[in-house]
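Asks: If you scroll down you'll find the structure; I have some questions about it.
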Amino acid sequence: MTGRRASVSPWVGTGIYTIPEAAHLMGTNVTRVRRWLLGYRFPTKAPGGGHSPPIFLPQLPQIDHHWAIGFLDLIELLFIKAFREQGVTLPTIRKAAKEAARRWNTTHPFCVKRFATDGRSIFATLQDETGEDTLLELTRSQLCFRQFLNPYLKKLDYRGIGDVSRWWPLGKSAPVFLDPNISFGKPVIAQHNVPTEAICRALEADQTEREVADWFEIPIEAVRAAARFEECMAA
Numbered sequence: 000m001t002g003r004r005a006s007v008s009p010w011v012g013t014g015i016y017t018i019p020e021a022a023h024l025m026g027t028n029v030t031r032v033r034r035w036l037l038g039y040r041f042p043t044k045a046p047g048g049g050h051s052p053p054i055f056l057p058q059l060p061q062i063d064h065h066w067a068i069g070f071l072d073l074i075e076l077l078f079i080k081a082f083r084e085q086g087v088t089l090p091t092i093r094k095a096a097k098e099a100a101r102r103w104n105t106t107h108p109f110c111v112k113r114f115a116t117d118g119r120s121i122f123a124t125l126q127d128e129t130g131e132d133t134l135l136e137l138t139r140s141q142l143c144f145r146q147f148l149n150p151y152l153k154k155l156d157y158r159g160i161g162d163v164s165r166w167w168p169l170g171k172s173a174p175v176f177l178d179p180n181i182s183f184g185k186p187v188i189a190q191h192n193v194p195t196e197a198i199c200r201a202l203e204a205d206q207t208e209r210e211v212a213d214w215f216e217i218p219i220e221a222v223r224a225a226a227r228f229e230e231c232m233a234a
């Protein structure tokens, strides 16, 4: 993709995050996110070295020569992180994403609800091809695959059988979610849709919890939930 300018308005409903924001929300570092999203070069004996391509194409073009990503990109990266933490190699993840995208005619296959039920067969085929030990345990049965995915799936809402529509980063017991149709996908307080960042900025300006609650017309508990969320993200 080129460094062309892009208007923000056409991307309403897509969600917009900088790469550092995405890394922060995912609990990983910027370098990893860049490698997964944009690919990377590595030294080889051949002139110019080698190149590892991106695992998927982002939803957004560069904006003012800076990369930004959309909500589905963020969730796709979240699953890539999960597979990497399980020990699955990037080439295998890339092959799985490519095959799933082909089968389901989508650009973000890990974001599709059927990935939870049909994804195992794709990784099982790759295990047969690569002999990758980490995939053997992951694909031993549908139950094993589902047990691996469940901690992530329980934090997601889907549009019917389609794509992910909301992410509850601390789980659904905490009243904070990300929805690309609300506040450009920034974390907001459930039922009130007020960005947690705005609430915490007001608290940092030495306003009391009651003053902040009155200003945003939300309960004090919502103010406290926003503060807890931002503290967890900063930890």
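Following numbering that gives the first Met the number 0, the numbering of the sequence shown begins with 0 at its first residue and continues without gaps.
The C-beta atom is built at its ideal place from N, Cα and C for all residues, glycine as well.
Could you tell me the boundaries of the alpha helix (DSSP H) in which D237 lies?
Replies: Since the displayed the chain opens at 0 and closes at 234, residue 237 lies outside it and no answer follows.
Asks: Assign R3 to one of two classes, buried (16 or more other C-beta atoms within 10 Å of its C-beta) or exposed (fewer than that).
Replies: With a pLDDT of only 45 at R3, under 50, the local geometry of the prediction cannot be trusted, and the value read off the model is given with reservation. Classification of R3: exposed, given that the 10 Å Cβ count is below 16.
Asks: Have a look at A99, N104, D72 and F122 and flag the residue whose alpha-carbon is nearest the alpha-carbon of Q85.
Replies: It is F122 whose Cα lies nearest to the Cα of Q85.
Asks: Around the C-beta of C199, are 16 or more other C-beta atoms found within 10 angstroms, so that it is buried, or is it exposed?
Replies: That one is buried.
Asks: Since V235 contacts L155 with CB under 8 Å, what's their CB separation in whole angstroms?
Replies: Because residue 235 is not part of the residues shown, which for the chain are 0 to 234, the question remains open.
Asks: Decide if the segment 15–30 is in contact with the segment 69–81; the criterion is three or more beta carbon pairs, one per stretch, under 8 Å apart.
Replies: In short, these stretches touch, since the Cβ pair count reaches three.
Asks: So, is E75 buried or exposed, given that buried needs 16 or more other C-beta atoms within 10 angstroms?
Replies: Counting Cβ neighbours within 10 Å, E75 comes out buried, since at least 16 surround it.
Asks: Check the C-beta distance from F55 over to A96 and give it rounded, since I have them as a contact under 8 Å.
Replies: The Cβ separation is near 6 Å, so the contact holds.
Asks: Can you give me the C-alpha to C-alpha distance between S140 and T129, rounded to a whole angstrom?
Replies: Using only the alpha carbons, I get a separation of about 18 Å.
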